[in-house]
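Counting in the numbering used here, the sequence shown runs without a single skipped number right up to 184 at its last residue.
Heads up, the beta-carbon is just placed ideally off N, CA and C, and yes, glycines get one too.
No experiment lies behind these values; they were computed from the predicted model shown.
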Amino acid sequence: REYVVIAQEAALKFIGLLDEVIKVSKLQTGTLKIRSTHVDLSLVLQEAYFMCRMQAETRNLKLIIPALEDEILVQADEAYLRQAIVILIDRAVSLLDGGIIELVLTQDEDTLTLTIPDPHDETEPSAIPSAIPTQFTPSFRRLLAQEILSTMNIPVNRQAETRSIQIILRRLPIGS
């Protein structure tokens with residue numbers, strides 16, 4: 009029974025990963041449309057925290073995401089922005105056994121930069137492969153998130169020297 013439970017959990021995780029690949033493929037082909045609206049980034053970050061917190065705790069990780077009290081508006085598709093952020097956090101969690109994963113948000117007048125740790129030391133893959141890989145590597149997961157963000161015209165930078173990924177969002181004025 010124990011092996012059946014383990015196999016079922018692995019199958020469900022694999023199905024979830026396949027669903028992510030299918031969604032990205034549909035975004036690329038235009039089958040799924042981006043619904044870009046004004047999104048409160050503070051709510052998206054809170055939801056991402058609650059979605060990733062338990063997995064982090066089971067791996068002896070402390071997940072720190074900025075708790076923002078004020079509304080911070082950005083232009084994005086809320087569901088896809090949350091999905092990309094969760095993929096990147098989940099990726100960092102899966103690569104570490106213990107320690108801290110801290111997201112940092114820096115702001116200026118026009119932009120917000122969300123920095124997510126990227127502990128994986130990898131060579132830079134050039135693109136999402138045309139065939140479904142036999143396993144979903146950390147590099148592949150990062151590429152899925154980057155493709156989702158790219159579809160929304162949200163720049164993503166990988167900072168090798170600080171081992172982090174930066175998501176650059178255009179800040180909208182409150183009340184717009």
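Closest to residue i by CA distance: which of the options is it?
{"i": "T37", "options": "L103, A168, T159 and P127", "result": "T159"}
{"i": "K34", "options": "R61, E155 and Q83", "result": "E155"}
{"i": "E200", "options": "L53, R178 and N68", "result": "Because residue 200 is not part of the residues shown, which for the chain are 9 to 184, the question remains open."}
{"i": "V164", "options": "A153, R171 and Q91", "result": "A153"}
{"i": "P72", "options": "T145, R178 and C60", "result": "According to the sequence as given, residue 72 is Ile; it is not Pro. Among T145, R178 and C60, the Cα nearest to that of I72 belongs to C60."}
{"i": "R171", "options": "A87, E110, T114 and A19", "result": "E110"}
{"i": "E86", "options": "I162, L20 and Q115", "result": "I162"}
{"i": "V101", "options": "P74, R149 and L89", "result": "R149"}
{"i": "G185", "options": "T119, I95 and L120", "result": "This structure leaves residue 185 out entirely; the chain is present only between 9 and 184."}
{"i": "I93", "options": "L49, P181, I30 and A168", "result": "L49"}
{"i": "E28", "options": "L89, D118 and E169", "result": "L89"}
{"i": "Q91", "options": "E10, A75 and F58", "result": "F58"}
{"i": "L81", "options": "D105, G106, R67 and T121", "result": "T121"}
Just curious, the alpha helix (DSSP H) that residue i is in, first and last residue?
{"i": "E10", "result": "E10 to T37"}
{"i": "E55", "result": "L49 to T66"}
With residue i as the anchor, note down where its beta strand (DSSP E) starts and where it stops.
{"i": "A84", "result": "L81 to A84"}
{"i": "E110", "result": "G107 to E110"}
{"i": "L69", "result": "L69 to I72"}
{"i": "P127", "result": "Neither: P127 is in no beta strand (DSSP E) and is coded neither H nor E."}
Determine the direct distance from the alpha carbon of residue j to that of residue i, and round the result to whole angstroms.
{"i": "R166", "j": "I108", "result": "19 Å"}
{"i": "T123", "j": "R43", "result": "24 Å"}
{"i": "P125", "j": "V13", "result": "31 Å"}
{"i": "E65", "j": "L103", "result": "14 Å"}
{"i": "I176", "j": "M62", "result": "27 Å"}
{"i": "L69", "j": "D98", "result": "12 Å"}
{"i": "L157", "j": "Q16", "result": "31 Å"}
{"i": "A84", "j": "V47", "result": "6 Å"}
{"i": "P133", "j": "R179", "result": "Low confidence applies to P133: its pLDDT is 49, below 50, so where it sits in the model is not reliable enough to give any reading."}
{"i": "T114", "j": "K21", "result": "33 Å"}
{"i": "D116", "j": "P181", "result": "12 Å"}
{"i": "Q174", "j": "K41", "result": "24 Å"}
{"i": "T119", "j": "V112", "result": "14 Å"}
{"i": "E10", "j": "P146", "result": "27 Å"}
{"i": "T39", "j": "E55", "result": "26 Å"}
Step through the CB atoms of chain B and report whether any lies within less than 8 Å of the CB of residue i.
{"i": "P146", "result": "The question asks about chain B, but that chain is absent: this structure has only one protein chain."}
Beta strand (DSSP E) runs contained entirely in the stretch 141 to 184, provided each spans 3 or more residues:
Within the stretch 141 to 184, the complete beta strand (DSSP E) runs of at least 3 residues are 164 to 167 and 172 to 180.
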